[in-house]
Amino acid sequence: MVMARSGQVYGLLGRVRMIPTSMAGVFGSDDLIRIALDESRIPGGYLQTFLSNETYGRLLVVRNASGTSIPHLDPVDIQEVPVPRFDARSEEAISDLALRGNELLADADELETRAIARATQLVAREAGLHGLAETLPN
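Numbered per full-length UniProt numbering, the sequence shown spans residues 1 to 138.
Structural data, given as structure tokens:
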């Protein structure tokens, strides 16, 4: 999971995202906080859901921001955010829904990438850029 550690309070600051396996090893910006999940302590999807909640979690995160022009979060600030806990079954149910949403988001990203590649191939072919058209995947 990563969190945007700088940006405007009503913008990207404090936004979290589970990183799909397709993004493993991809370079990220210094403006991200990596949150290493210990699934034996808290389900990842539950933590993501809480931290993303505009009414509770995100407000608890962004209140720790410092700086005026571009507010900034430090990893230690995130460790201090109190996460409400429920019974394991409820947390797992929330986590499962969040993780399924992440899977669907990753699938949508893959479909978009394939659509862009196909459109680029068709445009290249129509424009007579045959060398480019043949190098692109179908």
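Heads up, the beta-carbon is just placed ideally off N, CA and C, and yes, glycines get one too.
DSSP places ILE33 in no alpha helix (DSSP H) but in the uninterrupted beta strand (DSSP E) bounded by 32–34. Look at ARG85 here: in three-state DSSP terms it is coil, with no helix or strand label. Annotated as distal: ALA106 and PRO43, with beta-carbon spacing of 7 Å or more. Contact check between the region 109–117 and the region 70–90: fewer than three CB pairs, one atom from each, fall below 8 Å, which does not count as touching.
Boundaries for VAL9: no beta strand (DSSP E) harbours it, and the DSSP string shows neither H nor E there. A distance below 7 Å between beta-carbons, with the five flanking residues on each side excluded, links ASP96 to the following residues of its chain, in chain order: GLY45.
Close CB contacts of ALA98 within its chain, under the 6 Å cut and outside five residues either way in sequence, are with GLY45, GLN48 and THR49 (chain order). Around the CB of VAL16, 16 or more other CB atoms lie within 10 Å, so the residue is classed as buried. Counting only the Cα atoms, GLN8 lies some 31 Å from PHE86. Cβ-Cβ distances below 6 Å link ARG5 to ASP31, ILE33 and LEU73 in the same chain, with the five nearest sequence neighbours on each side left out; the list follows chain order. Taking all protein chains in view, the Cβ of VAL61 is crowded by 16 or more other Cβ atoms within 10 Å, so the residue is classified as buried. Linking ILE35 to ARG89 through their CA atoms gives a straight-line distance of about 23 Å. Taken through DSSP and simplified to helix, strand or coil, ARG114 comes out as helix.
With fewer than 16 other beta carbons inside 10 angstroms of its own, ASP38 counts as exposed. Taking the Cα positions, TYR56 is about 10 Å away from PRO82.
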